[in-house]
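One structure below.
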Amino acid sequence: MEREVRVRFAPSPTGPLHIGGVRTALYNYLLARKLGGKMLLRIEDTDQNRFVPGAEQYIMDSLRWCGIEIDEGIEQGGPHAPYRQSERKPMYRQYADQLIRDGYAYYAFDTPEELDAMRARLTAAKVPNPQYNSITRTQMRNSLTLPETEVQQLLDAGAPYVIRLKVPRKEEVRFNDLIRGWVVVHSSSIDDKVLMKSDGMPTYHLANIVDDHLMEITHVIRGEEWLPSAPLHVLLYRYLGWESTMPQFAHLPLLLKPDGTGKLSKRDGDKLGFPVFPLEFHGTDAETGQPTVSSGYRESGYLPEAFINFLAFLGWNPGTQQEIFSMDELIEAFSIERVSKSPARFDQNKVRWYNEQYLRAKPDAELAQYLLEALSKQGIGNVPADKAEQIAGLVKERATFPADLAKEAQLFFQRPTGYDEQVISKKWNAQVAGALAAFAQELPAAADTTPDGIKALLTQVVEGQGMKLGQVLQALRVAVTGAAAGPDLMAIMSILGPQETAQRIQAAVEQLAGSAA
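Note that our numbering has the sequence shown beginning at 6, numbered continuously upward.
Structure, rendered in structure tokens:
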């Protein structure tokens with residue numbers, strides 16, 4: 006019988022969730038939904054020293070904003086609860102004890118000073134990567150070198166110890182990565198990792214393997230930084246007797262800085278002016294103790310659909326020219342085989358482009374709500390919904406973020422306080438002013454105030470003045486809006502209405518009476 010696909014996203018609550026983590030969660034989610042499986046959220050909080058208050062809730066809020074639905078987790082519960090590792094502490098010890106009984110792990114009683122001395126000896130001997138391994142363990146204080154009676158005495162006396170994995174000295178460890186193909190590592194390059202710390206808490210390596218097994222995880226999709234640990238995890242599956250149900254591994258490529266010169270970090274975002282977290286995070290500076298605020302995509306005006314579409318393409322492509330994908334379309338198109346091995350370079354211009362596409366594709370009625378909220382905060386109220394909808398539909402092509410709608414809409418609520426000098430110097434003269442004054446006089450009585458109706462009236466008036474439409478259009482735009490460029494002028498005048506438009510033109514004619522080409 007085929008196993009149900011089960012994936013997990015297992016972050017540590019040590020701070021805000023980096024967008025690299027969001028991408029990992031997204032790829033897990035896409036695979037689970039594509040294959041009809043389940044998505045789990047497990048909080049890996051075994052390192053209590055690095056725990057950051059609020060980080061756990063932040064992770065859950067971020068995934069919710071992104072549209073990544075969790076089937077089993079802290080909030081949802083599930084058959085494998087608890088989903089917080091610190092609450093699972095009692096169950097790990099039995100597996101560490103099993104490894105010791107079977108000869109695959111051992112007690113190590115070395116003090117911090119003894120460990121430092123060992124590393125110093127190796128460094129002095131020009132060993133490039135000093136580690137506790139199959140060679141150095143023979144010279145250390147552990148249950149492999151001490152007499153059995155002494156080991157028992159130390160245990161009975163409550164002497165501090167850790168439990169380490171006994172890595173074989175000469176063996177090839179291999180596994181098939183879904184992205185990278187066969188990975189082969191010689192055991193001599195793997196150190197005897199600590200599985201249980203002296204405080205009785207498991208390390209990531211043991212807890213993660215035990216939890217993945219007990220939670221019946223079928224696919225482990227995680228960042229490339231975990232690739233060096235994968236052979237160790239393969240050994241643990243084997244030694245615990247779980248090799249036949251070991252999940253398939255897939256290690257995702259790194260996210261690089263925009264210039265491609267290293268891993269994307271919070272510092273890069275701060276320096277270059279873009280967020281690297283999905284939501285704004287309020288924390289505390291570790292050195293000064295002062296409150297800190299890290300910017301987020303949500304608060305910066307990005308739509309979750311645009312953010313997710315952008316992230317999906319950082320390391321994956323569908324093999325087609327299509328770039329705009331809804332979540333459902335991403336699920337349908339996604340395959341882990343199309344994830345690249347190569348690092349993906351972060352492109353802030355591209356995520357802005359995605360935001361523009363998604364914003365402009367929204368119904369004008371929805372955009373009008375963004376606009377009305379922003380105008381209300383500026384003290385501009387009582388704007389009819391149909392007018393807001395018309396304005397939003399007109400200015401959306403010039404907007405990247407929802408906040409831009411209100412900026413672009415200011416011309417509808419504020420008369421010009423000045424006029425573009427370049428246009429005035431080149432296009433304004435007595436004849437143009439006369440034609441515009443005549444148009445302003447006719448406009449209030451216009452029967453048709455649609456954009457086409459206004460254009461027809463303007464053409465009639467201008468030609469009656471012995472001029473062509475092209476001679477007055479730029480001057481008319483400056484008279485109505487103050488600016489040389491902007492949305493469709495006829496549509497602007499239609500939304501402003503004939504009375505307001507005529508008054509603006511008349512005011513410009515009077516104020517610019519002394520100007521000439």
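Just so you know, even glycine gets a beta-carbon here, dropped at the ideal spot from N, CA and C.
I need the straight-line Cα distance from residue i to residue j, nearest angstrom please.
i	j	result
residue 401	residue 241	56 Å
residue 216	residue 82	15 Å
residue 36	residue 227	13 Å
residue 274	residue 68	20 Å
residue 522	residue 494	Here the model assigns residue 522 a pLDDT of 47, short of 50, so the residue's position is not dependable and the matter cannot be decided.
residue 291	residue 297	10 Å
residue 220	residue 340	23 Å
residue 342	residue 222	19 Å
residue 73	residue 266	30 Å
residue 456	residue 499	6 Å
residue 323	residue 338	6 Å
residue 144	residue 170	16 Å
residue 321	residue 255	13 Å
residue 229	residue 188	13 Å
residue 203	residue 121	17 Å
residue 281	residue 33	20 Å
residue 17	residue 50	6 Å
residue 225	residue 394	47 Å
residue 502	residue 403	22 Å
residue 8	residue 84	16 Å
residue 92	residue 366	45 Å
residue 115	residue 186	39 Å
residue 179	residue 368	53 Å
residue 377	residue 481	28 Å
residue 329	residue 426	41 Å
residue 356	residue 168	46 Å
residue 519	residue 269	57 Å
residue 383	residue 416	14 Å
residue 262	residue 133	29 Å
residue 556	residue 96	Look at the range of the chain in this structure, 6 to 522, and you will see that residue 556 is not part of it.
residue 430	residue 471	21 Å
residue 172	residue 278	46 Å
residue 301	residue 59	15 Å
Since residue i and residue j should fall inside the 8 Å C-beta cutoff, what is the C-beta to C-beta distance between them, to a whole number of angstroms?
i	j	result
residue 257	residue 29	6 Å
residue 100	residue 48	Not confirmed; about 20 Å, so no contact.
residue 308	residue 360	6 Å
residue 238	residue 210	7 Å
residue 528	residue 462	Nothing about residue 528 can be read from this structure; the chain reaches only from 6 to 522.
residue 485	residue 440	Not really, about 14 Å apart at Cβ, beyond 8 Å.
residue 380	residue 408	The pair is not a contact, with the Cβ atoms about 11 Å apart (cut-off 8 Å).
Give a yes or no on whether 9 Å exceeds the smallest Cβ distance from residue i to chain C.
i	result
residue 35	Given the protein chain composition of this structure (a single chain), no chain C is represented.
Which residue or residues does DSSP assign as beta-bridge partners of residue i?
i	result
residue 407	DSSP, once it has assigned bridges, lists no residue as partnering residue 407.
residue 253	224
residue 495	Answer is none; residue 495 lacks a bridge partner.
residue 429	Residue 429 is not bridged to any residue.
residue 45	13 and 77
residue 260	349
residue 268	261
residue 4	Past the edges of the chain, shown from 6 to 522, lies residue 4, and the structure says nothing about it.
residue 82	78
residue 89	48
So the candidates are the options; which of them puts its Cα closest to the Cα of residue i?
i	options	result
residue 62	80, 72 and 480	80
residue 448	244, 511, 182 and 366	511
residue 174	140, 233 and 396	140
residue 318	9, 386 and 25	25
residue 249	218, 195, 398 and 451	218
residue 198	110, 307 and 34	110
residue 243	103, 301, 518 and 469	103
residue 107	195, 165 and 246	246
residue 56	288, 117, 239 and 394	288
residue 436	468, 27 and 303	468
residue 260	271, 251, 252 and 124	271
residue 422	31, 517, 147 and 43	517
residue 15	181, 146 and 213	213
residue 390	381, 373, 132 and 382	373
residue 418	406, 387 and 434	387
residue 11	262, 66, 21 and 77	77
residue 438	295, 163 and 479	479
residue 183	206, 155, 137 and 253	253
residue 350	156, 508 and 315	315
Problem set entry | Unbroken stretches of the alpha helix (DSSP H), 4 residues or longer, contained in the region 98 to 179 | For the region 98 to 179, whole alpha helix (DSSP H) runs of length 4 or above, ordered along the chain, are 117 to 129 and 153 to 161.
Exercise. Which whole runs of the beta strand (DSSP E) in the region 178 to 244 are 3 residues long or more, in chain order?
Worked result: Correct list: 186 to 191, 199 to 201 and 224 to 228.
For this session: Kindly provide the ranges of any beta strand (DSSP E) runs that are 3 or more residues long and lie completely inside the region 286 to 345, ordered along the chain.
Result: Within the region 286 to 345, the complete beta strand (DSSP E) runs of at least 3 residues are 286 to 289 and 296 to 299.
Exercise. Along the chain, which unbroken stretches of the alpha helix (DSSP H) at least 4 residues long are found entirely within the region 343 to 371?
Worked result: Runs found: 353 to 366.
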